[in-house]
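Trainee: Numbering (the numbering used here), first residue to last: 30 to 453.
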Ligand code: HAM
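#1: Count the CB pairs spanning the stretch 193-207 and the stretch 281-293 that are closer than 8 angstroms, and state whether there are at least three.
#2: When every heavy atom of the ligand HAM is checked, does at least one fall within less than 6 angstroms of the C-beta of residue 134?
#3: I need the straight-line Cα distance from residue 50 to residue 203, nearest angstrom please.
#4: Looking at residue 246 and residue 135, is the spacing between their C-beta atoms short of 7 angstroms?
#5: Among 300, 224, 373, which has the Cα closest to the Cα of residue 185?
#6: For a test of the three-state rule: what should DSSP assign to residue 357, helix, strand or coil?
#7: Which stretch, first to last residue, makes up the beta strand (DSSP E) that contains residue 191?
#8: So, helix, strand or coil for residue 153, using DSSP?
#9: Got a sec, what are the start and stop residues for the alpha helix (DSSP H) residue 538 sits in?
#10: Could you say which of 86, 444, 127, 126 lies nearest to residue 140 if we only look at CA atoms?
#11: Excluding sequence positions up to five away, which residues of its chain have a Cβ less than 6 angstroms from the Cβ of residue 131?
#12: Taking the Cβ atom as the reference point for each residue, do residue 281 and residue 252 lie within a distance shorter than 7 angstroms?
#13: Compute the Euclidean distance between the alpha carbons of residue 55 and residue 182, then round it to the nearest angstrom.
#14: For residue 165, which residues from the same chain have a beta carbon less than 6 angstroms from its beta carbon, with the 5 sequence-adjacent residues on both sides left out?
#15: Please determine if the stretch 72-83 and the stretch 101-116 are in contact, where contact requires at least 3 C-beta pairs separated by less than 8 angstroms.
#16: Which residues in the same chain as residue 226 place their Cβ atom closer than 8 angstroms to its Cβ, once the five residues preceding and following it in sequence are excluded?
#17: Please classify residue 62: does DSSP put it in a helix, a strand, or coil?
#18: What I want to know is whether the C-beta of residue 126 ends up closer than 6 angstroms to one or more non-hydrogen atoms of the ligand HAM.
#19: May I ask you to check if the CB of residue 337 is nearer than 6 angstroms to at least one heavy atom of the ligand HAM?
#20: Note down the Cα distance separating residue 411 from residue 372, rounded to an integer number of angstroms.
#21: Note down, in chain order, each residue of its chain lying with its Cβ closer than 7 angstroms to the Cβ of residue 426, except the 5 sequence neighbours on either side.
#22: For residue 171, is the beta carbon positioned less than 6 angstroms from some heavy atom of the ligand HAM?
#23: List, from N- to C-terminal side, the alpha helix (DSSP H) runs of 4 residues or more that fit wholly inside the stretch 45-97.
#24: Locate the alpha helix (DSSP H) running through residue 416, then write down its first and last residues.
#25: Looking at the structure shown, is residue 299 part of a helix, part of a strand, or coil, going by DSSP?
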């Protein structure tokens, strides 16, 4: 039997309400902040990610799905979408129309990582980018939007950590300092860190290996080596978070894994997630547009892992949002089926939902199947009901029943405008 590829997974119908709830809530909230959706291709020229994300990052050097197409062009399945969004912004000159641009996206990304709970080779992100402004208030607003989404989804226990990783004017000096400090005690670091010390020394600060924690503690902190511009930007960003009453912690070791970041970086972690506890991450990328051949343009954004969000989503939030029908029509016999099919059409034309049971072999079997699809109500039409025009409406939760006519049923369908469930 052919199975799904390692590190990928099917999202089955029973999981779908969680995904749909997340997507619809995100779309609603992002719209209230003036963000518009963008969709870019799943694959891009490989060069986009080499230039945008950086050759020395783990993502580019170890994790990309890169392949030649039939004309010999090197293509890559997108490992993230910030580079693609900035490419599209430059290509379609989107900034001419709105400045700053506020864009969001929802879709699959691909990274060849070691699969484990919360870490996949195809995963999904919800992300947002603000392009064309370097105001620190916009950073706080984007984070407020992300936290509002978590709040609306009733996801509790998230923590925001922030940092500034400097800019091209202050970072090179800090990197030299860090490189020297690491090389002084190189033997105390793990093999990965020893490798990073020459290729991408900032990532040493981020190492999770137990044995590296002690030597990392004594390394210089970037917060002590920011230039005046970065220091003042970071202070303003913090004060905008405080004005919005957003709680945060500063962690000087937060460096993130993509090379395009400068100044503000942040992550949101959640204790419910286990080892892969990073729920969302982002930061400022003022150099990315110029790096990709566009006009220099400022940028800030974030992305959140949807599989991880699904894991952290409480059951109550999903129950409250369920939109599958609650009413099951149970016709007993072919004649009743004809009437029930007509009633089902009217219910749906009124914008409400119902299941129609086609093969009710007996009332008992039909009620069992209504229960299985988690219907709250069953409307029973047998010969008796057809004659009297009084149908039996069973409340499957309360285990009660009453009689209802077609007119009363359709009146109930007309009430509760905008709701897909029928209010009896
Ligand atoms: P990132 O930190 O690489 O940032 O990914 C953002 C989020 O995607 C992570 O916090 C995590 O929840 C999720 N994620 C990443 N890799 C995996 C995986 N293999 N399996 C499951 N979930 C995963 C970015 O991608 C940046 N583009 C964010 C950004 C937008 N920065 C500025 N704008």
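We put the beta carbon where it would ideally sit given N, CA and C, even for glycine.
Mentor: So, from the listed chains and residues:
#1: Under the three-pair Cβ rule at 8 angstroms, the stretch 193-207 counts as touching the stretch 281-293.
#2: Not so, every heavy atom of the ligand HAM lies at least 6 angstroms from the Cβ.
#3: Spanning the two alpha carbons is a distance of roughly 44 angstroms.
#4: No. Outside cutoff.
#5: Distance check between residue 185 and each of 300, 224, 373 places 300 closest, using alpha-carbon atoms only.
#6: It is a strand residue.
#7: Annotation: the continuous beta strand (DSSP E) that includes residue 191 extends over 187-193.
#8: Judged by DSSP in its simplified three-state form, residue 153 adopts strand.
#9: Since the first residue shown for the chain is 30 and the last is 453, residue 538 is missing from the structure and cannot be characterised.
#10: The candidate whose alpha carbon is nearest that of residue 140 is 86.
#11: Same-chain partners within the cutoff: 63, 64, 159.
#12: With a cutoff of 7 angstroms on beta-carbon distance, residue 281 and residue 252 are scored as near each other.
#13: So the two alpha carbons sit approximately 9 angstroms from each other.
#14: By the criterion of a C-beta distance shorter than 6 angstroms, residue 165 is surrounded in its chain by 262, 265, 266, 269, once the five residues flanking it on both sides are discounted.
#15: Contact between the stretch 72-83 and the stretch 101-116 is present, because at least three Cβ pairs lie under 8 angstroms.
#16: Answer for residue 226: 208, 211, 212, 215, 218, 233, listed in chain order.
#17: Shown here, residue 62 sits in coil according to DSSP, grouped into three states, outside any helix or strand.
#18: No, the beta carbon of residue 126 sits no closer than 6 angstroms to any heavy atom of the ligand HAM.
#19: At least one heavy atom of the ligand HAM is nearer than 6 angstroms to the Cβ of residue 337, so yes.
#20: Residue 411 and residue 372: Cα-Cα distance of roughly 14 angstroms.
#21: For residue 426, same chain residues with a beta-carbon under 7 angstroms away, outside a window of 5 residues either side, are 405 in chain order.
#22: Not so, every heavy atom of the ligand HAM lies at least 6 angstroms from the Cβ.
#23: Correct list: 45-61, 75-82, 87-91.
#24: Note, residue 416: alpha helix (DSSP H), 412-417.
#25: Annotated three-state conformation of residue 299 is strand, per DSSP.
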